[in-house]
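One line per chain: the protein sequences are A and B, in this order.
Residue numbers for the first sequence follow our numbering, so the first one is 23 and each next one is one higher.
Residue numbers for the second sequence follow our numbering, so the first one is 20 and each next one is one higher.
Beta carbons: idealized from backbone N, C-alpha and C, even for Gly.
Working notes for the structure below.
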Amino acid sequence: EAGVTQSPTHLIKTRGQQATLRCSPISGHTSVYWYQQALGLGLQFLLWYDEGEERNRGNFPPRFSGRQFPNYSSELNVNALELEDSALYLCASSFYRGRQPQHFGDGTRLSIL
Amino acid sequence: GESVGLHLPTLSVQEGDNSIINCAYSNSASDYFIWYKQESGKGPQFIIDIRSNMDKRQGQRVTVLLNKTVKHLSLQIAATQPGDSAVYFCAEMGPKETSGSRLTFGEGTQLTVNP
């Protein structure tokens with residue numbers, strides 16, 4: 023069974039540009055989560071999508087947004103990129119029933135020049 | 020707010036020894052906990068989970084202990100192997116009403132296994 027897949031693996035942008043990151047969940051999982059792992063800051067929750075709707079949002083500015091498609095895949099969009107957005111962006115998926123483990127992909131490394 | 024912290028940032032053990040990684044959490048209403056292992060260049064890998072109605076759960080070579088009285092979580096790895104070298108994170112899930120399914124992660128402990 024394929025795990026969570028993310029693309030691209032690496033992304034290099036300049037300040038002010040926009041970035042789009044993609045995630046395909048494990049087959050059968052309906053929930054997709056996005057986390058940011060910045061150097062020295064650990065993993066921080068960004069967004070949670072389930073059945074196409076945003077269910078919860080972390081403490082990030084509105085320029086971080088996303089969506090979930092009918093096939094449960096997801097996109098994370100970051101507008102007006104800032105240097106501090108440089109980080110590893112991790113996507114996870116789970117079943118949305120009760121307390122379920124979240125399984126992670128290997129992330130997209132976003133570098134802002 | 021919610022926070023999860025690890026007592027030790029680094030842990031070095033000899034191959035074959037048992038390892039214990041500790042975690043303190045602050046939200047007494049958290050009802051679900053997960054341990055993850057993250058190797059360099061990879062995403063966190065699920066190890067084991069435990070619900071708040073349990074005190075102990077065992078997996079293959081791993082045991083998680085939950086002490087709700089002092090809000091403490093630990094991961095025990097038996098017969099530690101070089102392949103266990105990684106950063107280990109604990110994560111908590113708060114009540115559905117306020118946190119939904121978001122995970123709050125601890126800072127991570129770097130486990131190094133010496134041959």
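Local conformation of residue i per DSSP, three classes
i, result
"residue 118 (chain B)", "helix"
"residue 84 (chain B)", "strand"
"residue 74 (chain B)", "coil"
"residue 25 (chain B)", "Its pLDDT being 40, under 50, residue 25 (chain B) is placed unreliably by the model, and the measurement read from it follows with that caveat. Three-state DSSP puts residue 25 (chain B) in coil, outside helix and strand."
"residue 102 (chain B)", "helix"
"residue 105 (chain A)", "helix"
"residue 82 (chain A)", "coil"
"residue 36 (chain A)", "coil"
"residue 52 (chain A)", "coil"
Beta carbon proximity, residue i to chain A, threshold 8 angstroms
i, result
"residue 92 (chain B)", "no"
"residue 61 (chain B)", "yes"
"residue 53 (chain B)", "yes"
"residue 111 (chain B)", "no"
"residue 116 (chain B)", "no"
"residue 27 (chain B)", "Confidence is the limiting factor: at residue 27 (chain B) the pLDDT is only 48, short of 50, which leaves the residue's position unreliable and the question unanswerable from this model."
"residue 127 (chain B)", "yes"
Chain B residues whose Cβ lies nearer than 7 angstroms to that of residue i
i, result
"residue 123 (chain A)", "53, 65 and 68"
"residue 77 (chain A)", "119"
"residue 127 (chain A)", "62"
CB contact below 8 angstroms: residue i versus chain B
i, result
"residue 112 (chain A)", "yes"
"residue 33 (chain A)", "no"
"residue 80 (chain A)", "yes"
"residue 56 (chain A)", "no"
"residue 74 (chain A)", "no"
Boundaries (first-last residue) of the beta strand (DSSP E) holding residue i
i, result
"residue 135 (chain A)", "Residue 135 (chain A) -> no beta strand (DSSP E), and no H or E assigned at all."
"residue 88 (chain A)", "86–90"
"residue 110 (chain B)", "105–112"
"residue 56 (chain B)", "51–57"
"residue 114 (chain A)", "109–116"
"residue 31 (chain A)", "Looking at the DSSP string, residue 31 (chain A) is not in any beta strand (DSSP E), and its letter there is neither H nor E."
"residue 121 (chain A)", "No beta strand (DSSP E) holds residue 121 (chain A); DSSP gives it neither H nor E."
"residue 64 (chain A)", "64–72"
Chain C residues whose Cβ lies nearer than 8 angstroms to that of residue i
i, result
"residue 50 (chain B)", "No chain C is part of this structure, whose protein chains are labelled A and B."
Chain A residues whose Cβ lies nearer than 7 angstroms to that of residue i
i, result
"residue 122 (chain B)", "67 and 124"
Where residue i meets chain A, residues with beta-carbon distance less than 9 angstroms
i, result
"residue 78 (chain B)", "In chain order: nothing, as chain A lies at least about 12 angstroms away."
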